[in-house]
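There are 2 protein chains.
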Amino acid sequence: MRILIVEDEPTLGRQLKTTLEQNGYAVDLSVDGEDGHFMGSSEDYDAVILDLGLPEIDGLTVLGMWRKEGRKFPVLVLTARDSWSDKVAGLDAGADDYLAKPFQTEELIARLRALIRRASGNSSSELIAGDVRLDTRSGRVTLNGEPVKLTAQEYKLLSYLLHHKGKVVSRTELIEHIYDQDFDRDSNTIEVFVTRIRKKLGPDVITTIRGLGYSLDDPAQPKRG
Amino acid sequence: MRILIVEDEPTLGRQLKTTLEQNGYAVDLSVDGEDGHFMGSSEDYDAVILDLGLPEIDGLTVLGMWRKEGRKFPVLVLTARDSWSDKVAGLDAGADDYLAKPFQTEELIARLRALIRRASGNSSSELIAGDVRLDTRSGRVTLNGEPVKLTAQEYKLLSYLLHHKGKVVSRTELIEHIYDQDFDRDSNTIEVFVTRIRKKLGPDVITTIRGLGYSLDDPAQPKRG
DNA sequence: CCTCGACGATCAGGATACGCATTCGCGGCT
DNA sequence: AGCCGCGAATGCGTATCCTGATCGTCGAGG
Numbered sequence: 065m066r067i068l069i070v071e072d073e074p075t076l077g078r079q080l081k082t083t084l085e086q087n088g089y090a091v092d093l094s095v096d097g098e099d100g101h102f103m104g105s106s107e108d109y110d111a112v113i114l115d116l117g118l119p120e121i122d123g124l125t126v127l128g129m130w131r132k133e134g135r136k137f138p139v140l141v142l143t144a145r146d147s148w149s150d151k152v153a154g155l156d157a158g159a160d161d162y163l164a165k166p167f168q169t170e171e172l173i174a175r176l177r178a179l180i181r182r183a184s185g186n187s188s189s190e191l192i193a194g195d196v197r198l199d200t201r202s203g204r205v206t207l208n209g210e211p212v213k214l215t216a217q218e219y220k221l222l223s224y225l226l227h228h229k230g231k232v233v234s235r236t237e238l239i240e241h242i243y244d245q246d247f248d249r250d251s252n253t254i255e256v257f258v259t260r261i262r263k264k265l266g267p268d269v270i271t272t273i274r275g276l277g278y279s280l281d282d283p284a285q286p287k288r289g
Numbered sequence: 065m066r067i068l069i070v071e072d073e074p075t076l077g078r079q080l081k082t083t084l085e086q087n088g089y090a091v092d093l094s095v096d097g098e099d100g101h102f103m104g105s106s107e108d109y110d111a112v113i114l115d116l117g118l119p120e121i122d123g124l125t126v127l128g129m130w131r132k133e134g135r136k137f138p139v140l141v142l143t144a145r146d147s148w149s150d151k152v153a154g155l156d157a158g159a160d161d162y163l164a165k166p167f168q169t170e171e172l173i174a175r176l177r178a179l180i181r182r183a184s185g186n187s188s189s190e191l192i193a194g195d196v197r198l199d200t201r202s203g204r205v206t207l208n209g210e211p212v213k214l215t216a217q218e219y220k221l222l223s224y225l226l227h228h229k230g231k232v233v234s235r236t237e238l239i240e241h242i243y244d245q246d247f248d249r250d251s252n253t254i255e256v257f258v259t260r261i262r263k264k265l266g267p268d269v270i271t272t273i274r275g276l277g278y279s280l281d282d283p284a285q286p287k288r289g
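So the sequence lines, in the order shown, correspond to chains A and B.
Add 64 to a position in the first sequence, counting from 1, and you land on the number used in our numbering.
Add 64 to a position in the second sequence, counting from 1, and you land on the number used in our numbering.
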């Protein structure tokens, strides 16, 4: 899952980035409205954390522009504390959730998780496909109830596929969502990790669609839609 | 476990802080309502001790603001004398327990412990995982019934993990809950203490989740959810 | 049915980051 | 003064990651 943080205060921004990365997200950080808007428009994020109190362009404006451009990623808005009007305005402008500064990092993580979950249409914190279960809260994966040890990258890849169950996901899309901005696109890491996941969870979990990418289907309600 | 004390009277505040620290808590002290409210909103506490008789902003107001903001930590309210009305008002405003001044520090400790225990969903004062037992009342730890001597920090770390059994706890989270406000986040103390605990309790008590943190699982009811 | 090209899977190597153990100096407590 | 726990620094071992090369497979066209 790839996140964009638009936050002008460098200290807070860095800290957030670090925290999120420790929680398994790929994070890009932008320090002003213009750059933030550009990045949100050009890259594909799974969620955006947006500070409203930005210099130059206001956060609300940026949010409005994104929505006008048709960007659909969920946006979590940060506002200075107690500014009730900002909250209303933010939600009006298309924010999906709202958090007042100061906030607790754990709460931010929780809300972010909820946001991404909602965006992918899941209601539980457990993602399930066939015999495979992934709990986003505890970061655990089980196969037929047996715990399976996945490495960080394997987990990210599997998690992304599960969030887009049934959809064909291209290699490029995977790279863009698992790694942050600067990463060599001509690399076969994705294939390598797919192989590894298949070794651990069985060969049928991930289906290859030749020339297009990969797909993860739920045999519970499979062919014949 | 990290505690916030909001108490305007400096002598009592300091004394409480010292006492609690001697009992193994990481303690932040705030001397007025505004600052106290800010700290409770921005940091992650496991419990808060709140004096109602504050200058500037009233304790009840602070409590109300926290609850409105969605802060969930348990709050132990201190009131002057036996003012019944204050008690009622406090509980109404979202306090979890109540203690009239003057009080015995021992009683305060006991109630605090109960509060934290309840908040983490445990009903007993004993935390158990596998062969390890930790009694929060006596501060004793046993391995297969044999008493084990842990140092203060080792105890805090183990206790926090036990309170969050089954969840993956990041290094950051551990630092935030074991130490008080100002502490170097880039430090390897957590790893050091994990090592030391493993030496005393066996290598399998604490599981490492590479890249994410640590986790403590209960082998008593593991496989087959 | 066979061949060939393109794409994907797999393997092995080296680089790296991460966690672990150990050491050491500081400071508080006895 | 001596002991002990704490936390910083250091070096080591290894899981994990990425790269590049090779092998396998699918599918189209002859």
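Every residue gets a Cβ at the ideal spot worked out from N, C-alpha and C, and that includes glycine.
Since we're looking at a predicted model, the values are computed, not measured.
Only residues of its own chain outside the window of five on either side were considered, and among them Leu-84, Tyr-89, Ala-90, Val-91, Asp-92, Tyr-109, Asp-110, Ala-111, Val-112, Ile-113, Leu-176 have a CB closer than 8 Å to the CB of A:Ile-67, listed in chain order.
Minimum Cα-Cα distance from B:Ala-144 among the listed residues B:Leu-127, B:Asp-160, B:Gly-123 corresponds to B:Gly-123. For A:Gln-168, a Cβ of chain B is located within less than 8 Å of the residue's own Cβ. In the assembly as shown, A:Thr-169 is a buried residue. Its beta-carbon has 16 or more other beta-carbons within 10 Å.
For the segment 83 to 96 of chain A, the residues whose beta carbon sits under 8 Å from a beta carbon of chain B are, in order, Thr-83, Gln-86, Asn-87, Gly-88. In the DSSP assignment, no residue is bridged to B:Ile-239. Secondary structure remark: continuous beta strand (DSSP E) runs of at least 3 residues inside the segment 119 to 183 of chain A, in chain order: 139 to 143, 161 to 164. Nearest to B:Asn-252 by alpha-carbon distance, out of B:Arg-181, B:Gly-277, B:Pro-211, is B:Gly-277. DSSP places B:Tyr-278 inside the beta strand (DSSP E), whose first and last residues are 277 to 279. Proximity of B:Ser-106 to chain A, defined by a Cβ-Cβ separation below 8 Å, is satisfied.
The Cβ of A:Gly-203 sits closer than 8 Å to at least one Cβ of chain B. The Cβ-Cβ distance between A:Asp-72 and A:Asp-99 does not fall below 8 Å. The residue among A:Lys-81, A:Val-205, A:Asn-87, A:Gln-86 with its C-alpha nearest the C-alpha of A:Val-95 is A:Lys-81.
Where A:Arg-204 is concerned, the enclosing beta strand (DSSP E) starts and stops at 204 to 207. Collapsing the DSSP output to three states places A:Ser-94 in a strand. Between A:Leu-226 and A:Leu-198, the CB-CB gap stays under 8 Å. One thing to note: B:Gly-203 has its Cβ no nearer than 8 Å to the Cβ of B:Tyr-224. Out of A:Thr-215, A:Ala-183, A:Leu-172, A:Pro-267, the CA that lies nearest to the CA of B:Gly-134 is found in A:Leu-172.
When DSSP reads this structure, B:Pro-211 sits in a beta bridge with B:Thr-206.
With a 10 Å radius around the Cβ and a threshold of 16 neighbouring Cβ atoms, B:Ser-188 comes out exposed.
Using beta-carbon distances, B:Ser-234 counts as an interface residue toward chain A, with a partner under 8 Å. Within chain A, Gly-203 have C-beta atoms less than 7 Å from the C-beta of B:Ile-273, given in sequence order. Within the same chain, Cβ atoms closer than 8 Å to the Cβ of A:Ile-261 are found at Leu-214, Glu-218, Leu-221, Leu-222, Val-269, Ile-270, the five residues on either side in sequence being excluded. The residues Leu-114, Val-139, Val-141, Gly-154, Ala-157, Gly-158, Ala-159, in chain order, have a CB closer than 8 Å to that of B:Leu-127 in the same chain once the five nearest residues on each side in sequence are set aside. With 16 or more other CB atoms across the displayed protein chains lying within 10 angstroms of its CB, B:Phe-257 is buried. Looking at the DSSP output, B:Arg-197 sits in a beta bridge with B:Ile-192, B:Thr-206. The closest CA to that of B:Leu-118, considering only B:Trp-130, B:Arg-131, B:His-101, is found on B:His-101.
Not one beta carbon of chain B lies nearer than 8 Å to the beta carbon of A:Thr-200. Distance from B:Leu-76 to B:Ala-193 at the Cβ level is roughly 37 Å; contact not present, criterion being Cβ atoms closer than 8 Å. Residue contact check for A:Ala-164 against chain B: a CB pair falls below 8 Å. According to the DSSP assignment, B:Val-258 belongs to no beta strand (DSSP E) but to the alpha helix (DSSP H) extending over 253 to 265.
When the Cα atoms are used, B:Ile-69 and B:Arg-78 turn out to be separated by approximately 10 Å.
For B:Phe-102, the closest Cβ of chain A is nearer than 8 Å. Sequence-distant Cβ neighbours of B:Glu-240 in its own chain, meaning closer than 8 Å and more than five residues away, are Arg-66, Glu-107, Asp-108.
With a threshold of 8 Å between beta carbons, B:Lys-132 makes no contact with chain A.
According to the DSSP secondary-structure assignment, B:Leu-68 is paired through a beta bridge with B:Asp-92, B:Val-112.
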